[in-house]
Amino acid sequence: MTDTPSRTPVAIVGGGPVGLALALGLARHGIHSTLLERRPATNQQSRAPAIHQRSLEILRQWAVADTLLAAGTLKRTLPMHPGPTSRRPMLSFDFTTLDHDTDQAGLLFLEQGQTERLLLAALRGTGRCDIHFGTEVVGLDAGADEVRLTVHDAAGTRTLPADYVVGCDGTGSFVRDALGLPFPGHDFPLRPLLADVRVTDHRDQLPWPRIHNGRRGVTGAQRLAPGHWRIIRVEPGDPAPADPVPDHELDARVREVLGDGPVEVLWASRFRFQRRSSPRFRVGRVLLAGDAAHAFPPANGQGMNAGIQDAHNLAWKLRYALTGGDADRLLDSYDVERRAMVGSVSRNVSQLTRLGLQAPRAVRGAVFQLMRLGLAIPAGHRARVRNLAMLDQRVPASPLIAATDRAAGQRLPNPLLIAPNGDRVRLYDLLGVGPALLRLTQAAEPAPTAEPAPTAPGLRQLMIGPTGHRDPSGGLSRLLGADAGWLLVRPDLQLAWARTTSSDLAGAIDHALGLTADGRRELAGGVTPG
3 MTDTPSRTPV
13 AIVGGGPVGL
23 ALALGLARHG
33 IHSTLLERRP
43 ATNQQSRAPA
53 IHQRSLEILR
63 QWAVADTLLA
73 AGTLKRTLPM
83 HPGPTSRRPM
93 LSFDFTTLDH
103 DTDQAGLLFL
113 EQGQTERLLL
123 AALRGTGRCD
133 IHFGTEVVGL
143 DAGADEVRLT
153 VHDAAGTRTL
163 PADYVVGCDG
173 TGSFVRDALG
183 LPFPGHDFPL
193 RPLLADVRVT
203 DHRDQLPWPR
213 IHNGRRGVTG
223 AQRLAPGHWR
233 IIRVEPGDPA
243 PADPVPDHEL
253 DARVREVLGD
263 GPVEVLWASR
273 FRFQRRSSPR
283 FRVGRVLLAG
293 DAAHAFPPAN
303 GQGMNAGIQD
313 AHNLAWKLRY
323 ALTGGDADRL
333 LDSYDVERRA
343 MVGSVSRNVS
353 QLTRLGLQAP
363 RAVRGAVFQL
373 MRLGLAIPAG
383 HRARVRNLAM
393 LDQRVPASPL
403 IAATDRAAGQ
413 RLPNPLLIAP
423 NGDRVRLYDL
433 LGVGPALLRL
443 TQAAEPAPTA
453 EPAPTAPGLR
463 QLMIGPTGHR
473 DPSGGLSRLL
483 GADAGWLLVR
493 PDLQLAWART
503 TSSDLAGAID
513 HALGLTADGR
523 RELAGGVTPG
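Next comes the structure, spelled out in structure tokens:
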């Protein structure tokens, strides 16, 4: 192994979308990392083709969303078309109903391989990550002060010391196994098939996604690019990922959703629907993220997205832990928060799998009908679309989040604000990657406070009201529960707390961000986010 630093602040094991996202997030926070991936290159297959709105918000904060949007297809509405010929959807999800709260809401379809390549290019552009493909981690020794990895590549074997190690190495995680952590859960009694096919005739113009509720199972189709379609089939049976996919079986599935015609198979395989989770996402200086920490069925396409959100939660906490913050509180909060949030997603997706895929055909049909009726009610439609977009997740009580704060843990809305000069701007575009303190007021002139405005390293302060940026939606005041007060926003765009008085704001900021006196000094004069 060559050109590897003698010691790295963070070693990331696994260079899939989650590992790349974490390395990019760390780089945006000014932290150098080393990424180790045993494959020789990024993924060449489109395993996870959907990027949800919350992930797009994260990737926009990290300055890479526009690149991904330009490469993929953003579906602002998602009409589900039955069978191979119908042009009338049986139900539809309208993401534009979320535009008051987020920028250009939609579901981005992009091949996972392309997602990885674009994340990798953005990461290389930061100059803050040593990237090693074709490098396997074969040993892990976690101590109180550092973690020592044994790594092997074509040049030989050597030891890499790190302050922290994050396992992003998938469901068969070496890192998780090295920690002695189990991966309890179960496989669903389903036999899924996944394939990418090329279709170049008139069928390439069919509206999509397409779905067929058949006697034995459910078949779906999504268009990933011109002429490039993803086919997924789920039916009851024993999981057998090693079994081949016969041509006649795949041809039958394609006909169910696209009709008759020639097809070129790009690749096809079977896989497992499983629900599993590590009992801990942190053991000392070693952490788990993505599929190494949790796995659940891909019914809503949220697995990769949950991993990106792991990275978002963890990146800023590692930065603060490395620069004098309260490392135990910061990293314990990652474990508590993400296990709870991922658990909620897993329960919802597992229920959808049981009722919408595993159940008999009549039950599946009833589920689709109930979903259609629910989407016809505006409030029900907004709630379902918000859930699908992963905008409704709330950080639970943790070492950084007080259970008594009504608003704490909620995602910060991203309304369209009116700037003092009359321009319209999204709130997130004013915040950057660090923490922010929003002061809400309805007064034409800010009233004096009992103490000076609190500060913290990297804390951005923003006035919301007549003397600053105005919020016509009123969403920030509703979040606060009052017309005037303060909202502290964490670097991961979650609300740390809401207050209507100025009492000990500085202390509350330190607690919510895991700051210490040493950490304040180091952050004030240390690494520069970028």
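One gets the numbering used here by counting positions in the sequence shown from 1 and adding 2 to each.
Beta carbons are placed, not taken as given, at the ideal position from N, Cα and C, and that holds for glycine.
Quick check on residue i: buried or exposed, where buried means 16 or more other Cβ atoms within 10 Å of its Cβ?
i: serine 400; result: buried
i: alanine 452; result: Note that alanine 452 scores 40 on pLDDT, short of 50, meaning its location in the model is unreliable; the coordinates nonetheless yield the value given after this. Burial call: exposed.
i: glycine 367; result: exposed
i: alanine 317; result: buried
i: leucine 372; result: exposed
i: proline 417; result: buried
i: valine 1; result: Lying before the first or after the last residue shown, residue 1 is absent from the chain, which here runs from 3 to 532.
i: tryptophan 269; result: exposed
i: alanine 466; result: Just to set this straight, residue 466 is isoleucine in the shown sequence, not alanine. Label assigned to isoleucine 466: buried.
i: leucine 289; result: buried
i: glutamine 304; result: buried
i: serine 8; result: exposed
i: asparagine 215; result: buried
i: isoleucine 310; result: buried
i: histidine 513; result: buried
i: asparagine 315; result: buried
i: arginine 379; result: The amino acid at residue 379 is misidentified as arginine; the sequence shows isoleucine. Label assigned to isoleucine 379: exposed.
i: histidine 296; result: buried
i: aspartate 494; result: buried
i: arginine 232; result: buried
i: valine 365; result: exposed
i: proline 468; result: exposed
Would DSSP call residue i helix, strand or coil?
i: proline 450; result: Its pLDDT being 46, under 50, proline 450 is placed unreliably in this model, and the coordinates cannot settle the point.
i: valine 66; result: coil
i: serine 335; result: helix
i: glycine 21; result: helix
i: valine 201; result: coil
i: arginine 396; result: coil
i: isoleucine 403; result: coil
i: valine 15; result: strand
i: asparagine 302; result: coil
i: asparagine 350; result: helix
i: histidine 35; result: The question names histidine, yet the displayed sequence has serine at residue 35. Of the three classes helix, strand and coil, the one that applies to serine 35 here is strand, per DSSP.
i: valine 427; result: strand
i: glycine 345; result: helix
i: serine 8; result: coil
i: aspartate 102; result: In the sequence as presented, aspartate is not what sits at residue 102; that position holds histidine. Three-state result, histidine 102: coil.
i: isoleucine 379; result: coil
i: glutamate 113; result: coil
i: alanine 438; result: strand
i: glycine 487; result: strand
i: threonine 159; result: strand
i: histidine 54; result: coil
i: serine 271; result: strand
i: serine 94; result: strand
i: arginine 89; result: coil
i: arginine 257; result: helix
i: arginine 501; result: strand
i: leucine 181; result: coil
i: leucine 433; result: coil
i: leucine 461; result: coil
With DSSP as the reference, please indicate the residues paired to residue i in a beta bridge.
i: arginine 284; result: Leu289
i: asparagine 315; result: Answer by DSSP bridge pairing: none, since asparagine 315 is not bridged.
i: histidine 83; result: Arg212
i: valine 149; result: Ala144, Ala164
i: proline 194; result: Val236
i: glycine 187; result: Arg278
i: glycine 169; result: Val15, Leu290
i: histidine 471; result: Ile466
i: phenylalanine 135; result: Glu39
i: histidine 296; result: Ser279
i: threonine 75; result: Phe111
i: histidine 513; result: BP columns for histidine 513 are empty, so no partner.
i: aspartate 494; result: DSSP lists no partner for aspartate 494.
i: glutamate 266; result: Arg200
i: arginine 413; result: Gln496
At least three beta-carbon pairs within less than 8 Å, the stretch 80 to 87 to the stretch 205 to 223 = In this structure the stretch 80 to 87 touches the stretch 205 to 223; the number of beta carbon pairs closer than 8 Å is three or more.
Within the stretch 211 to 247, note down every full beta strand (DSSP E) run reaching 3 residues or more, in order along the chain.
-> Secondary structure in the stretch 211 to 247: the beta strand (DSSP E) runs of 3 residues or longer, each lying completely within the stretch, are 212 to 215, 220 to 227, 230 to 238 in chain order.
Should the stretch 505 to 512 be regarded as contacting the stretch 454 to 474, the criterion being three or more beta carbon pairs within less than 8 Å?
-> Of all C-beta pairs linking the stretch 505 to 512 to the stretch 454 to 474, three or more are shorter than 8 Å, placing the two stretches in contact.
Should the stretch 187 to 207 be called in touch with the stretch 156 to 164, which here means at least 3 C-beta pairs below 8 Å?
-> With the cut-off at 8 Å, the stretch 187 to 207 and the stretch 156 to 164 do not touch.
Between the stretch 332 to 352 and the stretch 426 to 443, do at least 3 Cβ pairs fall closer than 8 Å?
-> Verdict: no, contact absent.
Does the stretch 120 to 134 come close enough to the stretch 28 to 38 that 3 or more CB-CB pairs lie under 8 Å?
-> Flag = yes, the stretch 28 to 38 and the stretch 120 to 134 touch.
Hey, is the stretch 177 to 184 in contact with the stretch 243 to 254, meaning 3+ C-beta pairs nearer than 8 Å?
-> The answer is no - the stretch 243 to 254 does not touch the stretch 177 to 184, with fewer than three Cβ pairs under 8 Å.
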